[in-house]
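A.B. asks:
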Amino acid sequence: MSVIKFCALGGLGETGKNMYIAEVDEKIFVLDCGLKFPSFDLYGIDVVIPDFSYLVENKDRIQGIFLSHGHADHIGALPELLKEINVGVFGSRFTMALAELALIDAGMPVEDYRLYRVTDDKVLIFGNVRVGFFALGHSIPETYGITIMTPDGGLVYAPDFSFIHNTDRRYQTSFRKIVETAKDGVLALFSESNGVSNINRVTNDYILIHQVGDILQSSKRVIFSMFSDDLQRIQKIINISVEKNRRVAIIGKKAQKTINIALKNDYLNIPPDRLVNLKYITDDNKNDDEDLVIIVTGNRHEPYYNLQRMSTGQDRLIEITSRDHVVIISEPRPGTERLAQKAIGLLYRLDAKVTVIPKEILQSSHANSEDLKLLYSLLKPKYIVPINGEYRHQRLQYDIALDAGYKKENVILLDNGNMVSFVNRELETKGEKIPVGDVLVDGSFVGDINEIVLRDRELLSQEGIILVIVVLDVRLKKIVSGPRVILKGFMTGTTAEKVEKKIENVARDIIDIYFLKKYIDWNDLKTSLRDAIGKEIFKMTKKNPIIIPSLVDVESDK
Numbered sequence: 213m214s215v216i217k218f219c220a221l222g223g224l225g226e227t228g229k230n231m232y233i234a235e236v237d238e239k240i241f242v243l244d245c246g247l248k249f250p251s252f253d254l255y256g257i258d259v260v261i262p263d264f265s266y267l268v269e270n271k272d273r274i275q276g277i278f279l280s281h282g283h284a285d286h287i288g289a290l291p292e293l294l295k296e297i298n299v300g301v302f303g304s305r306f307t308m309a310l311a312e313l314a315l316i317d318a319g320m321p322v323e324d325y326r327l328y329r330v331t332d333d334k335v336l337i338f339g340n341v342r343v344g345f346f347a348l349g350h351s352i353p354e355t356y357g358i359t360i361m362t363p364d365g366g367l368v369y370a371p372d373f374s375f376i377h378n379t380d381r382r383y384q385t386s387f388r389k390i391v392e393t394a395k396d397g398v399l400a401l402f403s404e405s406n407g408v409s410n411i412n413r414v415t416n417d418y419i420l421i422h423q424v425g426d427i428l429q430s431s432k433r434v435i436f437s438m439f440s441d442d443l444q445r446i447q448k449i450i451n452i453s454v455e456k457n458r459r460v461a462i463i464g465k466k467a468q469k470t471i472n473i474a475l476k477n478d479y480l481n482i483p484p485d486r487l488v489n490l491k492y493i494t495d496d497n498k499n500d501d502e503d504l505v506i507i508v509t510g511n512r513h514e515p516y517y518n519l520q521r522m523s524t525g526q527d528r529l530i531e532i533t534s535r536d537h538v539v540i541i542s543e544p545r546p547g548t549e550r551l552a553q554k555a556i557g558l559l560y561r562l563d564a565k566v567t568v569i570p571k572e573i574l575q576s577s578h579a580n581s582e583d584l585k586l587l588y589s590l591l592k593p594k595y596i597v598p599i600n601g602e603y604r605h606q607r608l609q610y611d612i613a614l615d616a617g618y619k620k621e622n623v624i625l626l627d628n629g630n631m632v633s634f635v636n637r638e639l640e641t642k643g644e645k646i647p648v649g650d651v652l653v654d655g656s657f658v659g660d661i662n663e664i665v666l667r668d669r670e671l672l673s674q675e676g677i678i679l680v681i682v683v684l685d686v687r688l689k690k691i692v693s694g695p696r697v698i699l700k701g702f703m704t705g706t707t708a709e710k711v712e713k714k715i716e717n718v719a720r721d722i723i724d725i726y727f728l729k730k731y732i733d734w735n736d737l738k739t740s741l742r743d744a745i746g747k748e749i750f751k752m753t754k755k756n757p758i759i760i761p762s763l764v765d766v767e768s769d770k
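Going by the numbering used here, the letters in the sequence shown line up with residues 213 to 770, in that order.
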């Protein structure tokens, strides 16, 4: 008999930041270590990662980090975790290649860390616990499900998958391994919820391929906008382009490293005579030939950002014109809708031909209700725990499990930080809570950004900033220079001139009052200046900018 626990450090009630832990007695197994991209109101924040404090406190119990696949929402936070805890990391060949790239980008020597490539027939032994892998179909090659086999049954982790048929072995699901896993008994299944709302989506990309073929047949230069993490669909566009006797170039500065790894290791295949390297433009290697297909890739907002640059003449290599046909296959991710609309608007202003592929005809790489029901049927888990998605997605999977015949008490809805426990194969009703949350990453600063900083950044973006600079001689109690008022992001024109004049007068009046005192408290003076100036500005403009008084004390001549 074992005491088995499961908890999410991220990934529940949100999109991204997938990170889960399974505990078997005193052993901790970490499942994925992802990031999420910030919402539009997190000004200046690059990415958001999980809080690792629970793992740091229990680092001696950690057996390893087990990665399902190479998408950033599952491996993107790995460098930050390894800075805190240097333990073994296990994943498929392609997943580990991307993990190594993440470490290199973070300035971390790969050789200092224990990174292990495993195949789906590998079984790792940790005392009385075995960890195995099985192939799952997804949009990125060599995606794995992970099984933690305990004395009380298996814990099966299936975070991102789809059972859509695929002829490429690297994108196929191993149903044989899933059935073998079920033979040993499955205590709990932790399955993704992201695709549960995919109703009436197509089950293949045949419609897309047919439409792309027609576009290539009737157009001159064609530019595709795609996400770099959707390697399977990128390969399909390459294949149809080569069939139509087109040359292919792939663009995307940040995503280029991922693409290069895929090309180098044969995860993407382009005939050498069809591949165009636009870094080296010659008479034989041009970027404006009519037989050219350009695939613009990137993560999250980057495809749209690149299209915007190409539309405004800012891109060094490509300038979109009215003779181009732009095909957008990258559905805007949350928080990027405005940028996407702006980029598409610019394309129309150039009179370029624009085709936006609707998501309804794009094959989904996430499990729909039928995929989930099939997985339940194959594994026959005693308990089902919906993971990986917003709460509404988790709730929809809860309903799917009930529809599949499971009892309410055997389908468990969790929030991040809620620890669920199984003792002697039975669910414990009382669960503990562990610390979780968002850690904000701003450049090289990790976790040093708090709500006050974010609020200031929001004010800067919406209301602007006002600097009030005054040079004083406190000894003689007089103003030597100023007040000088600098408005940034506030307003211009005659209104700004009136505001500046008003601020100068208010600042002089406040300072003169303080000169009447025997001793001057600098902090108190700055607070009084901020309050008085803020009230006057709000009366005049109905705005609340950040006000920063800068007081300089000098000794002046009498």
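Built from N, CA and C at the ideal position, the CB exists for glycine as well.
Tell whether a beta-carbon distance below 9 Å holds between residue 723 and residue 682.
C.D. replies: Yes.
A.B. asks: Does the segment 472–479 come close enough to the segment 521–536 to have 3 or more Cβ pairs within less than 8 Å?
C.D. replies: No: fewer than three Cβ pairs fall under 8 Å.
A.B. asks: If you run the structure through DSSP and keep just helix, strand and coil, what is residue 700?
C.D. replies: Strand.
A.B. asks: Going by other Cβ atoms of all chains shown within 10 Å of its Cβ, with 16 needed for buried, is residue 638 buried or exposed?
C.D. replies: The residue is exposed, with fewer than 16 neighbouring Cβ atoms inside 10 Å.
A.B. asks: What does a CB cutoff of less than 8 Å around residue 452 pick up in its chain, not counting 5 residues either side in sequence?
C.D. replies: Correct list, in chain order: 421, 424, 425 and 428.
A.B. asks: Can you tell me whether DSSP reads residue 223 as helix, strand or coil?
C.D. replies: Coil at residue 223, not helix or strand.
A.B. asks: If you run the structure through DSSP and keep just helix, strand and coil, what is residue 387?
C.D. replies: Residue 387: helix per DSSP, three-state reduction.
A.B. asks: Which of the three DSSP states, helix, strand or coil, is assigned to residue 754?
C.D. replies: Here residue 754 sits in coil by DSSP.
A.B. asks: Beta-carbon separation of residue 222 and residue 284 under 9 Å?
C.D. replies: Taking 9 Å as the Cβ cut-off, residue 222 and residue 284 do not qualify as a contacting pair.
A.B. asks: Kindly indicate which three-state DSSP category residue 237 falls into: helix, strand or coil?
C.D. replies: Looking at residue 237 - three-state DSSP - the assignment turns out to be coil, as it is neither helix nor strand.
A.B. asks: Would you report the Cα separation of residue 220 and residue 629, rounded to the nearest angstrom?
C.D. replies: Their backbone Cα atoms lie some 6 Å apart in a straight line.
A.B. asks: Does the separation of the CB atoms of residue 757 and residue 698 fall below 9 Å?
C.D. replies: Going by C-beta atoms, residue 757 is not nearer than 9 Å to residue 698.
A.B. asks: Can you check DSSP and say which residues form a bridge with residue 285?
C.D. replies: Looking at the DSSP assignment, residue 285 forms no beta bridge with any residue, so it has no partner.
A.B. asks: Among the candidates 752, 396 and 684, whose CA atom is the shortest distance from the CA of residue 706?
C.D. replies: The residue with the shortest Cα to Cα distance from residue 706 is 752.
A.B. asks: Using a Cβ-Cβ cutoff of less than 7 Å, which residues in the same chain neighbour residue 327 once the five nearest sequence positions on both sides are dropped?
C.D. replies: 301, 308, 311 and 312.
A.B. asks: Give the DSSP bridge partners of residue 345, in chain order.
C.D. replies: Answer by DSSP bridge pairing, in chain order: 358.
A.B. asks: Could you check whether the segment 503–516 touches the segment 433–445, counting it as contact only if at least three pairs of C-beta atoms, one from each stretch, sit closer than 8 Å?
C.D. replies: Counting Cβ pairs under 8 Å, three or more are found: they touch.
A.B. asks: Any contact between the segment 551–560 and the segment 321–338? By contact I mean 3 or more CB pairs, one from each, below 8 Å.
C.D. replies: Touching, no, given that fewer than three Cβ pairs across the two stretches are closer than 8 Å.
A.B. asks: Shortest alpha-carbon distance to residue 399 belongs to which of 745, 711 and 636?
C.D. replies: Measuring from the Cα of residue 399, the nearest candidate turns out to be 636.
A.B. asks: Confirm, please, whether the CB-CB distance from residue 633 to residue 274 is below 9 Å.
C.D. replies: Going by C-beta atoms, residue 274 is not nearer than 9 Å to residue 633.
A.B. asks: So the alpha helix (DSSP H) residue 561 belongs to, where does it begin and stop?
C.D. replies: Unbroken alpha helix (DSSP H) run through residue 561: 549–561.
A.B. asks: Can you give me the start and stop residues for the alpha helix (DSSP H) that residue 310 sits inside?
C.D. replies: Unbroken alpha helix (DSSP H) run through residue 310: 305–317.
A.B. asks: Taking a contact to mean a Cβ-Cβ separation below 9 Å, would you say residue 548 touches residue 512 in this structure?
C.D. replies: Yes, the Cβ-Cβ distance between residue 548 and residue 512 is below 9 Å.
A.B. asks: Mapping the DSSP letters down to three states, classify residue 299 as helix, strand or coil.
C.D. replies: Here residue 299 sits in coil by DSSP.
A.B. asks: May I have the straight-line CA-CA distance separating residue 254 from residue 357, to the nearest angstrom?
C.D. replies: Caution is warranted here: a pLDDT of 49 is assigned to residue 254, below 50, making its placement in the model unreliable, and no coordinate value can be reported.
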